[in-house]
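A.B. asks:
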Amino acid sequence: MANILKSVLAKRMIFTRINVPIKINTYIFACIRIGSESYLYCNPYITTTFYIEGMAAANALKTAISKYNLNPTKKNLKIIKSKIVKVKIWLNSYADKVEVIANDDANRDTPAEASINIAHSFLTSRKLLKNRKGKAPKPKLSWKRSKGDGIIVEIINGKTYNPMQTHFILVESSMNATGTIADGEVIIEQKQMGQIIFKSANAKGRFTHFKRIRSGVKFDIYAYSQNGNNNCSELSNKLTLNT
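Residue numbering for the sequence shown follows this note's numbering, beginning at 825 and increasing consecutively.
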């Protein structure tokens, strides 16, 4: 199956939010000059006719700015604003064309390369999104006594275990409790009263320290890992310890 990459887009707020006439004029001139000279965006990939249209919009704004500077009337200011609208229409069309070329399979193998391609047009690419993690792995557990108080619970899955979070649950064994997990919700069903302790470790945390547990009491340990709200692992196998 072919590897389908998500398209990287141009950050259009860079130019749509520029309202200072001379700045937007400088921006469109830069796009025309750099794009028309780029091996990716030169004619025929983006036609000379299209760049001529952009130059006409840029020059019209430049002329309007000059007229306003000589005669700063409301009418001349209104003309500037209308020319800015036409410049931004051209820039949006330019961004459309750049995105198609930058994300063409012939021009990029990765999203990062597509982002670099967009930079060759003078436009700015949107921030690349991190790949979403899939279902979190089921933890495997071991424990040891702490040098101070309590116990240390350790994840022993290996170096590849790197969920966003791991959650630990200690249940007093005398409670005759059972633990299940469904849709990210942990359910503890108990027959007797007893002590339950919850604790979480972020990111690649492979250890957690339980300090406030009763001595001389058996505990059952469970854990599950999580990659976001909808990507929870299965509940770990029960591990029993005697403090």
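Idealized CB from N, CA, C, for every residue including glycine.
Please state whether the Cβ-Cβ distance between Trp-967 and Ile-1045 is less than 8 Å.
C.D. replies: As a first step, residue 967 is located in the sequence shown; it is residue number 143 there, counting from the start. As a first step, residue 1045 is located in the sequence shown; it is residue number 221 there, counting from the start. For Trp-967 and Ile-1045, yes; Cβs fall inside 8 Å.
A.B. asks: For Ile-904 and Tyr-865, which I take to be in contact (beta-carbon distance under 8 Å), what is that distance rounded to the nearest angstrom?
C.D. replies: Here residue 904 refers to the residue found at position 80 of the sequence shown. Here residue 865 refers to the residue found at position 41 of the sequence shown. Between Tyr-865 and Ile-904 the Cβ distance is about 28 Å, and since that is not below 8 Å, they are no contact.
A.B. asks: Using CA atoms only, rank isn't needed, just tell me which of Ile-908, Trp-914, Ile-846 and Asn-895 is closest to Ile-870.
C.D. replies: Residue 870 sits at position 46 when you count from the first residue of the sequence shown. Nearest option by C-alpha distance: Trp-914.
A.B. asks: When you compare the stretch 1010–1018 with the stretch 995–1002, are there three or more beta-carbon pairs, one atom per stretch, that lie closer than 8 Å?
C.D. replies: Yes, the stretch 1010–1018 touches the stretch 995–1002.
A.B. asks: Got a sec, what are the start and stop residues for the beta strand (DSSP E) Lys-835 sits in?
C.D. replies: The residue labelled residue 835 in the question sits at position 11 within the sequence shown. Per DSSP, Lys-835 belongs to no beta strand (DSSP E) and is neither H nor E.
A.B. asks: Please classify Arg-932 as buried or exposed, where buried requires at least 16 neighbouring CB atoms within 10 angstroms.
C.D. replies: By one-based count along the sequence shown, residue 932 stands at place 108. Buried, by the Cβ-count rule.
A.B. asks: Kindly provide the ranges of any alpha helix (DSSP H) runs that are 4 or more residues long and lie completely inside the stretch 837–871, ordered along the chain.
C.D. replies: As far as the stretch 837–871 is concerned, its whole alpha helix (DSSP H) runs of at least 4 residues are 837–840 and 845–861.
A.B. asks: Here's a check: name, in chain order, each residue in its chain whose Cβ is nearer than 8 Å to the Cβ of Asn-827, leaving out the five neighbours to either side.
C.D. replies: Position 3 of the sequence shown holds residue 827. Note that Asn-827 scores 47 on pLDDT, short of 50, meaning its location in the model is unreliable and no value can be drawn from it.
A.B. asks: Report yes if the CB atom of Pro-845 is closer than 8 Å to the CB atom of Ile-876, and no otherwise.
C.D. replies: Counting from 1 along the sequence shown, the entry for residue 845 is found at position 21. Counting from 1 along the sequence shown, the entry for residue 876 is found at position 52. Their beta carbons are not under 8 Å apart, which means Pro-845 does not touch Ile-876 by this criterion.
A.B. asks: Verify the contact flag: Leu-952, CB atom, against every heavy atom of the ligand ADP, threshold strictly below 7 Å.
C.D. replies: Looking for the ligand ADP in the displayed structure turns up nothing, as the structure carries no ligands at all.
A.B. asks: Taking buried to mean at least 16 other C-beta atoms within 10 Å of its own C-beta, is Glu-923 buried or exposed?
C.D. replies: For the purposes of this step, residue 923 is taken as residue 99 along the sequence shown, with counting starting at 1. Classification for Glu-923: buried.
A.B. asks: Specify the secondary structure class of Gly-878 as computed by DSSP and reduced to three states.
C.D. replies: Residue 878 sits at position 54 when you count from the first residue of the sequence shown. The answer is helix: DSSP assigns Gly-878 an H, G or I state.
A.B. asks: Given a threshold of 16 other Cβ atoms within 10 Å of its Cβ, counted over all protein chains shown, does Asn-938 qualify as buried or as exposed?
C.D. replies: Taking the first residue of the sequence shown as position 1, residue 938 is located at position 114. The question names Asn, but residue 938 is Ala in the sequence shown. By the 10 Å Cβ count, Ala-938 comes out buried.
A.B. asks: By Cβ distance, which residues of its chain are closer than 8 Å to Glu-978, with the 5 residues on each side in sequence left out?
C.D. replies: Residue numbering aside, residue 978 sits at position 154 when the sequence shown is read from its first letter. Answer for Glu-978: Leu-965, Ser-966, Trp-967, Lys-968, Arg-1030 and Phe-1031, listed in chain order.
A.B. asks: For Met-825, I'd like the list of residues in its chain whose CB is within less than 6 Å of its CB, leaving aside the five on either flank, ordered along the chain.
C.D. replies: Position 1 of the sequence shown holds residue 825. Note that Met-825 scores 31 on pLDDT, short of 50, meaning its location in the model is unreliable and no value can be drawn from it.
A.B. asks: Indicate the three-state DSSP secondary structure (helix, strand or coil) for Asn-941 in the structure shown.
C.D. replies: Taking the sequence shown and counting its residues from 1, one reaches residue 941 at position 117. It is helical.
A.B. asks: Between the alpha carbons of Lys-959 and Pro-868, how many angstroms are there, rounded?
C.D. replies: Here residue 959 is taken as the residue at index 135 of the sequence shown, counted from 1. Here residue 868 is taken as the residue at index 44 of the sequence shown, counted from 1. Taking the straight line from one Cα to the other gives about 46 Å.
A.B. asks: Where do the N-terminal and C-terminal ends of the alpha helix (DSSP H) with Ala-1006 fall, by residue?
C.D. replies: Locating residue 1006 in the sequence shown gives position 182, where the first residue counts as 1. Run containing Ala-1006: none in the alpha helix (DSSP H); it sits in the beta strand (DSSP E), 1002–1006.
A.B. asks: According to DSSP, which residues form a beta bridge with Asn-1066?
C.D. replies: Sequence index remark: in the sequence shown, residue 1066 carries index 242 (1-based). Lys-1042, per the DSSP bridge assignment.
A.B. asks: Per DSSP, which residues does Leu-994 bridge with? Please list them.
C.D. replies: Here residue 994 refers to the residue found at position 170 of the sequence shown. Partner(s): Ile-1021 and Ile-1045.
A.B. asks: Can you confirm whether the stretch 848–856 touches the stretch 827–837 when touching is taken to mean that 3 or more C-beta pairs between the two stretches lie within less than 8 Å?
C.D. replies: Segments in contact, no.
A.B. asks: What residues are listed by DSSP as bridge partners for Arg-969?
C.D. replies: As a working mapping, residue 969 is identified with position 145 in the sequence shown. Ile-975.
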